[in-house]
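Asker:
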Amino acid sequence: MIDLGSRVSANASTEAEPEAERRGVFKRLRESLSKSRQALTEEISASLFDRIDEETWERLEEALILADAGAPTTAAVVERLEHEVDAGEVPADGALVRDRLIEILAEVAATGRAPIDLSGEPAVLMMVGVNGTGKTTTIGKIAWHLSKEMGLSVVLAAGDTYRAAAAEQLAEWARRAGADLVRGEEGADPGAVAFDAISAARARGADVVIVDTAGRLHTQSNLMEELSKVKRVIAKQIPEAPHETLISIDATTGQNGLRQAKVFSEAVDLDGVVLTKLDGTAKGGIALAIAADLGIPVKLIGVGETLEDLRPFDPAEYAAALLAE
Amino acid sequence: MFDQLSDRLQSTLSDVRSRGKLSESDVDAAMREIRLALLEADVNFKVVKTFTKTLKERCLGSGVLNSLDPGQQVVKIVNEELAALMGGTGSELAMAHSGPTVILMAGLQGSGKTTACAKLALHFKKLNKDVGIAACDVYRPAAVEQLVTIGERAGAHVYERGTDADPVDIAEWALQQARTDRRDVLIVDTAGRLHIDQDLMSELSQIRKKTKPHDVLLVVDAMTGQDAVGVAESFAEAAEFDGVVMTKLDGDARGGAALSVKAVTGKPILFASTGEKLEDFDKFHPDRMASRILGMGDVLSLIEKAEAQVDEKQAQDLQEKMRKDQFTLEDFLQQMKSVRKMGPLSGIIGMLPGMGAMKQLKNADIDEGELDRVEAIILSMTPAERAEPGMINGSRRKRIANGSGTRVQNVNQLVKQFDQMRVMMRSMANGKMPDAQQMAQLSGAAPRPKVRRR
Ligand SMILES: Nc1nc2c(ncn2[C@@H]2O[C@H](COP(=O)(O)OP(=O)(O)OP(=O)(O)O)[C@@H](O)[C@H]2O)c(=O)[nH]1
Ligand SMILES: [Mg+2]
Numbered sequence: 093m094i095d096l097g098s099r100v101s102a103n104a105s106t107e108a109e110p111e112a113e114r115r116g117v118f119k120r121l122r123e124s125l126s127k128s129r130q131a132l133t134e135e136i137s138a139s140l141f142d143r144i145d146e147e148t149w150e151r152l153e154e155a156l157i158l159a160d161a162g163a164p165t166t167a168a169v170v171e172r173l174e175h176e177v178d179a180g181e182v183p184a185d186g187a188l189v190r191d192r193l194i195e196i197l198a199e200v201a202a203t204g205r206a207p208i209d210l211s212g213e214p215a216v217l218m219m220v221g222v223n224g225t226g227k228t229t230t231i232g233k234i235a236w237h238l239s240k241e242m243g244l245s246v247v248l249a250a251g252d253t254y255r256a257a258a259a260e261q262l263a264e265w266a267r268r269a270g271a272d273l274v275r276g277e278e279g280a281d282p283g284a285v286a287f288d289a290i291s292a293a294r295a296r297g298a299d300v301v302i303v304d305t306a307g308r309l310h311t312q313s314n315l316m317e318e319l320s321k322v323k324r325v326i327a328k329q330i331p332e333a334p335h336e337t338l339i340s341i342d343a344t345t346g347q348n349g350l351r352q353a354k355v356f357s358e359a360v361d362l363d364g365v366v367l368t369k370l371d372g373t374a375k376g377g378i379a380l381a382i383a384a385d386l387g388i389p390v391k392l393i394g395v396g397e398t399l400e401d402l403r404p405f406d407p408a409e410y411a412a413a414l415l416a417e
Numbered sequence: 004m005f006d007q008l009s010d011r012l013q014s015t016l017s018d019v020r021s022r023g024k025l026s027e028s029d030v031d032a033a034m035r036e037i038r039l040a041l042l043e044a045d046v047n048f049k050v051v052k053t054f055t056k057t058l059k060e061r062c063l064g065s066g067v068l069n070s071l072d073p074g075q076q077v078v079k080i081v082n083e084e085l086a087a088l089m090g091g092t093g094s095e096l097a098m099a100h101s102g103p104t105v106i107l108m109a110g111l112q113g114s115g116k117t118t119a120c121a122k123l124a125l126h127f128k129k130l131n132k133d134v135g136i137a138a139c140d141v142y143r144p145a146a147v148e149q150l151v152t153i154g155e156r157a158g159a160h161v162y163e164r165g166t167d168a169d170p171v172d173i174a175e176w177a178l179q180q181a182r183t184d185r186r187d188v189l190i191v192d193t194a195g196r197l198h199i200d201q202d203l204m205s206e207l208s209q210i211r212k213k214t215k216p217h218d219v220l221l222v223v224d225a226m227t228g229q230d231a232v233g234v235a236e237s238f239a240e241a242a243e244f245d246g247v248v249m250t251k252l253d254g255d256a257r258g259g260a261a262l263s264v265k266a267v268t269g270k271p272i273l274f275a276s277t278g279e280k281l282e283d284f285d286k287f288h289p290d291r292m293a294s295r296i297l298g299m300g301d302v303l304s305l306i307e308k309a310e311a312q313v314d315e316k317q318a319q320d321l322q323e324k325m326r327k328d329q330f331t332l333e334d335f336l337q338q339m340k341s342v343r344k345m346g347p348l349s350g351i352i353g354m355l356p357g358m359g360a361m362k363q364l365k366n367a368d369i370d371e372g373e374l375d376r377v378e379a380i381i382l383s384m385t386p387a388e389r390a391e392p393g394m395i396n397g398s399r400r401k402r403i404a405n406g407s408g409t410r411v412q413n414v415n416q417l418v419k420q421f422d423q424m425r426v427m428m429r430s431m432a433n434g435k436m437p438d439a440q441q442m443a444q445l446s447g448a449a450p451r452p453k454v455r456r457r
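For the record, the sequence lines run as chains A and B.
Going by my numbering, the first residue of the first sequence is number 93, and it counts up by one from there.
Going by my numbering, the first residue of the second sequence is number 4, and it counts up by one from there.
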């Protein structure tokens, strides 16, 4: 979840709220989610754990594979659970086995968890990812949360200077979110746009800069090199920046998502994943494989196309949803 | 991980011949490998189940046992069955007898519809058709602007009425306009939508009803996982699509979604979108996709790409030079340039069968920066040096290193590798394939694979 501790206490407009309220920007949203979570766990117990036998493990594997968790991660999780049951560490009782499974899945999903770092002045976030995965929309949503709910001033950098109308798209999100926009000409150097945005933010004393980048396939090594360069140029403004480099992964993505995360991480050293489009029927199980294999945690999830449709990542909810019908 | 399906099948079934009997458990073991390979390629779980069942029957009934190499034999059967399931070649778009041919595009958010519209428009432009595109995505910010820009780039006329009008009205109006303007083709772009969004799905069937398209195309991202089946089924119901456009096939996803969609809806995959440029759009080849899903490479595509870059005469000259040992660094530079024109090397290597099994190349990217360096070094040589690398002595090396912004070691390395390569080329040109060790030497040396683990 977004940890805004230090930021918020410096911000006058929210000072009156109690500490607990301030820390959890997404608290309200989380409460509404927990209802659906209950419904989900009930569903799981009904279908998956009628009895514990050979078939149980097979059905479990099937559920995880269908959620896109991938064969290796699925095998590892199910083996571990089966072993625990065989060893008597977990009683062979449907409800208990179910709870333990969710625990294991949540534990794996939580690998490498850390809050989003907004301590920089300004804090610089960079969004990267494959074409159409939801970078620009996510930036709009994050900007809205930071500015409307936290009272922070946000500058967006239109670093996608390649795709037609990409800057216009981000401009519209900036308008909706009440953020400033810094853009360059079409075809301009994306590093230069990011650089200018950060200097503008510093001049204005803005709190957060979010850099959009053009979608690219991880197999295009020249474009991956371009991305590393953008990151280096940003570091010329502020050595620790970008403080957060996030990759957007579309929840419908299959096993290729693991390659995406790996190659992007080699190029720009990812801090986290934004798992988008979870409002569809896809479970986004590839994020489990990404956490297990690469130690890159999900930090936020996207659940729709409006400003409000962003949520903190809750490993237990995610784990339960992976197994739901 | 499963690139080596054929290797693994071969080892799974290696002792079958010596035992002289193919047992049910042998076949089960083989099926397990195949099942994993297909799942790794994102073929839907349920499709995999049915598929391996059919396959098992065929393997048990066939002459696998008697063949010299049961592993290879099974791979061959898998490939055949997959290709059959993917559908034969030759599916075409339906065209109108008179008036504009209407093509409706639909799909999830971010699948690549807008780009596919412009690519399809260019495809028709090349056939001398007059193309219009209707801008019905009024939801995503700046979607209309994007379509206007790339539609016009493709030489199509874009019918747009901003974002305040209703998409169904826009589609109807655009069709009238296209008739008045006597267009040959009208492509209708729609907003991306979730298959479970009832409002938007019924909007889509409204557009369909009002425009009576000759073809409805579902746009599917090649990276889609298990959910592809549910998505395709829902769109089949609401939009009754006739065919599929697979996008982002220039990546390294195995594209099992293609198989899943075909298997559950029976609709053919008509086009493959393979890049961000409007020209990157081809007819889909089911047989090649089968090999790709199995990680057996896409040799045919590679050959076609290579043919487009190298002309016949040039190729013969080169071969002659190789055989006679007259291949120079200048030739090498030209070769390297034309190979790189085919796209990033890591992509090309992925298309080669068996490369997956080579440890050094697997999961490795070719360092394009290294290739840039090699180019720079050669460019800093005089024509005489390029023709006769043997003359490059110490002071020349220093000059070349300075000129190319590299170090003397880099120049040394290049010259040494070039020597090795000449030897290998001579034997290849004389009809001998290089052995694995030679290949490994070369790949371990020249463009060094960059494997970094987190
Ligand atoms: N349903 C749903 N749609 C989403 C979500 N996030 C993004 N989208 C949609 O996905 C599509 C692509 O989103 P963009 O934000 O443009 O994606 P991008 O990664 O910036 O795309 P490029 O810049 O073209 O590479 C748009 O239609 C968005 O509305 C989400 O969480 N749920
Ligand atoms: Mg974008």
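Beta carbons: idealized from backbone N, C-alpha and C, even for Gly.
For V274 of chain A versus A258 of chain A, is the C-beta spacing smaller than 9 Å?
Answerer: Here residue 274 of chain A refers to the residue found at position 182 when the first sequence is read from its first residue. Here residue 258 of chain A refers to the residue found at position 166 when the first sequence is read from its first residue. The answer is no: Cβ separation not under 9 Å.
Asker: What did DSSP end up calling L173 of chain A once you bin it into helix, strand or coil?
Answerer: Taking the first sequence and counting its residues from 1, one reaches residue 173 of chain A at position 81. In the structure shown, L173 of chain A sits in a helix (DSSP, three-state: H, G or I).
Asker: Is V222 of chain A close to chain B? Criterion is C-beta to C-beta, closer than 9 Å.
Answerer: Taking the first sequence and counting its residues from 1, one reaches residue 222 of chain A at position 130. Cβ-Cβ to chain B under 9 Å: yes for V222 of chain A.
Asker: Which residues of chain B have a Cβ atom closer than 9 Å to the Cβ of I378 of chain A, listed in chain order?
Answerer: The sequence position of residue 378 of chain A within the first sequence is 286, counting from 1. Simply G228.
Asker: Under DSSP, the beta strand (DSSP E) around I37 of chain B begins and ends at which residues?
Answerer: Within the second sequence, numbered from 1, the residue matching residue 37 of chain B stands at position 34. Segment 27 to 43 is the alpha helix (DSSP H) holding I37 of chain B; no beta strand (DSSP E) there.
Asker: Below 8 Å CB to CB, which residues in the same chain sit around L188 of chain A once its five sequence neighbours on both sides are set aside?
Answerer: Residue numbering aside, residue 188 of chain A sits at position 96 when the first sequence is read from its first letter. For L188 of chain A, where only same-chain residues beyond five positions count, the Cβ hits under 8 Å are V182.
Asker: So the alpha helix (DSSP H) V232 of chain B belongs to, where does it begin and stop?
Answerer: Numbered from its first residue, the second sequence carries residue 232 of chain B at position 229. 231 to 242 is the extent of the alpha helix (DSSP H) around V232 of chain B.
Asker: Please classify S26 of chain B as buried or exposed, where buried requires at least 16 other C-beta atoms within 10 Å of its C-beta.
Answerer: Along the second sequence, read from residue 1 onward, the residue named residue 26 of chain B stands at position 23. Exposed is the call here.
Asker: Ligand 1 and Q319 of chain B: does any heavy atom of the ligand fall closer than 8 Å to the residue's C-beta?
Answerer: For the purposes of this step, residue 319 of chain B is identified with residue 316 of the second sequence, where counting begins at 1. Flag unset: Cβ of Q319 of chain B not near ligand 1.
Asker: Whose Cβ in chain B lies nearer than 9 Å to the Cβ of D342 of chain A?
Answerer: Counting from one through the first sequence, the residue named residue 342 of chain A turns up at place 250. Residues of chain B passing the Cβ test: L111, Q112, G113, D224, M226, T227.
Asker: For A44 of chain B, which residues in the same chain have their Cβ closer than 6 Å to its Cβ, ignoring the five residues on either side in sequence?
Answerer: The residue given as residue 44 of chain B occupies position 41 in the second sequence. Only R257, G259, I296 meet the Cβ criterion.
Asker: Are the segment 154 to 165 of chain B and the segment 203 to 216 of chain B in contact at 8 Å, needing three or more beta carbon pairs?
Answerer: no
Asker: Please list the partners that F54 of chain B has in chain A, where partner means a Cβ-to-Cβ separation under 8 Å.
Answerer: On the second sequence, position 51 is the one that residue 54 of chain B refers to. Going along chain A, no residue has its Cβ under 8 Å from F54 of chain B, so there is no contact; the nearest lies around 15 Å.
Asker: Kindly indicate which residue of B:T214, B:N413, B:V247, B:G228 has the alpha-carbon position closest to the one of L221 of chain B.
Answerer: Counting from one through the second sequence, the residue named residue 221 of chain B turns up at place 218. Comparing Cα positions, the closest option is B:V247.
Asker: If you count every other CB in all the chains shown that lies within 10 Å of the CB of M440 of chain A, and 16 or more means buried, which is it?
Answerer: Here chain A covers residues 93 to 417 and nothing more, so residue 440 of chain A does not appear.
Asker: Can you find at least 3 beta carbon pairs, one from the segment 140 to 158 of chain B and one from the segment 240 to 253 of chain A, that sit closer than 8 Å?
Answerer: no
Asker: Which residue from B:L111, B:V171, B:Q201 puts its Cα closest to that of A137 of chain B?
Answerer: As a working mapping, residue 137 of chain B is identified with position 134 in the second sequence. The residue with the shortest Cα to Cα distance from A137 of chain B is B:V171.
Asker: Can you tell me whether DSSP reads K213 of chain B as helix, strand or coil?
Answerer: Reading the second sequence from its first residue, position 210 is the one you call residue 213 of chain B. If DSSP states are grouped into helix, strand and coil, K213 of chain B belongs with the helices.
Asker: Going along the chain, which unbroken runs of the beta strand (DSSP E) with 3 or more residues stay wholly within the segment 175 to 250 of chain A?
Answerer: 215 to 220
Asker: Just the C-alpha distance for V232 of chain B and D375 of chain B, rounded to the nearest angstrom, thanks.
Answerer: Stepping through the second sequence from its first residue, residue 232 of chain B is reached at position 229. Stepping through the second sequence from its first residue, residue 375 of chain B is reached at position 372. So the two alpha carbons sit approximately 43 Å from each other.
Asker: Mind checking whether G377 of chain A and A161 of chain A have CB atoms under 9 Å apart?
Answerer: Walking along the first sequence from the start, residue 377 of chain A turns up at place 285. Walking along the first sequence from the start, residue 161 of chain A turns up at place 69. Going by C-beta atoms, G377 of chain A is nearer than 9 Å to A161 of chain A.
Asker: Measure the alpha-carbon distance for R61 of chain B versus P271 of chain B and round it to whole angstroms.
Answerer: Here residue 61 of chain B corresponds to residue number 58 of the second sequence, with the count starting at 1. Here residue 271 of chain B corresponds to residue number 268 of the second sequence, with the count starting at 1. The straight-line gap from Cα to Cα measures roughly 24 Å.
Asker: Quick one: using the 10 Å Cβ neighbour count with 16 as the cut-off for buried, is A184 of chain A buried or exposed?
Answerer: Position 92 of the first sequence, counted from the start, is the residue given in the question as residue 184 of chain A. Exposed.
Asker: For a test of your reading of the model: does the CB of Y142 of chain B fall under 8 Å from any non-hydrogen atom of ligand 1? Yes or no.
Answerer: If you number the second sequence from 1, residue 142 of chain B lands on position 139. Yes.
Asker: Quick one: list the residues of chain A neighbouring P289 of chain B, beta-carbon separation under 9 Å, in chain order.
Answerer: One-based indexing of the second sequence puts residue 289 of chain B at position 286. What P289 of chain B touches in chain A: nothing, since even the nearest Cβ is about 19 Å away.
Asker: With H, G and I counted as helix, E and B as strand and the rest as coil, what does DSSP make of V77 of chain B?
Answerer: Looking up residue 77 of chain B in the second sequence gives position 74. Reduced to three states, the DSSP call for V77 of chain B is helix.
Asker: Rounded C-beta distance between G113 of chain B and G226 of chain A? I'm assuming under 8 Å.
Answerer: As a working mapping, residue 113 of chain B is identified with position 110 in the second sequence. As a working mapping, residue 226 of chain A is identified with position 134 in the first sequence. That belief holds up - the Cβ atoms of G113 of chain B and G226 of chain A are roughly 6 Å apart, short of 8 Å.
Asker: Could you give the DSSP three-state label for E409 of chain A: helix, strand or coil?
Answerer: Stepping through the first sequence from its first residue, residue 409 of chain A is reached at position 317. In this structure, E409 of chain A counts as helix in the three-state DSSP scheme.
Asker: Taking the beta carbon of K375 of chain A as the centre, do at least 16 other beta carbons fall within 10 Å, making it buried, or is it exposed?
Answerer: Locating residue 375 of chain A in the first sequence gives position 283, where the first residue counts as 1. By the Cβ neighbour-count rule, K375 of chain A is buried, with 16 or more other Cβ atoms within 10 Å of its own.
Asker: Would you report the Cα separation of T228 of chain A and D304 of chain A, rounded to the nearest angstrom?
Answerer: Against the first sequence, residue 228 of chain A aligns to sequence position 136. Against the first sequence, residue 304 of chain A aligns to sequence position 212. Whole-angstrom Cα-Cα distance: 6 Å.
Asker: Count the other CB atoms, across all protein chains shown, that sit within 10 Å of the CB of A327 of chain A; report buried if there are 16 or more and exposed otherwise.
Answerer: Walking along the first sequence from the start, residue 327 of chain A turns up at place 235. Exposed: under 16 other Cβ atoms inside 10 Å.
Asker: Quick check: is the beta carbon of G254 of chain B nearer than 9 Å to any beta carbon in chain C?
Answerer: This model lacks chain C altogether; the protein chains it does include are A and B.
Asker: According to DSSP, T345 of chain A sits in a beta bridge with which residue or residues?
Answerer: As a position in the first sequence, residue 345 of chain A is number 253, starting the count at 1. According to DSSP, T345 of chain A bridges with B:T227.
Asker: May I have the straight-line CA-CA distance separating E148 of chain B from G158 of chain B, to the nearest angstrom?
Answerer: Along the second sequence, one-based indexing puts residue 148 of chain B at 145. Along the second sequence, one-based indexing puts residue 158 of chain B at 155. Going by the C-alpha atoms only, they are around 15 Å apart.
Asker: Would you give the residue range spanned by the alpha helix (DSSP H) that R400 of chain B belongs to?
Answerer: In the second sequence, residue 400 of chain B corresponds to position 397, counting from 1. Looking at the DSSP string, the run of the alpha helix (DSSP H) that includes R400 of chain B is 397 to 407.
Asker: Going along chain B in order, which residues have a C-beta closer than 8 Å to the C-beta of E264 of chain A?
Answerer: Within the first sequence, the letter at position 172 stands for residue 264 of chain A. Residues of chain B passing the Cβ test: P144, A145.
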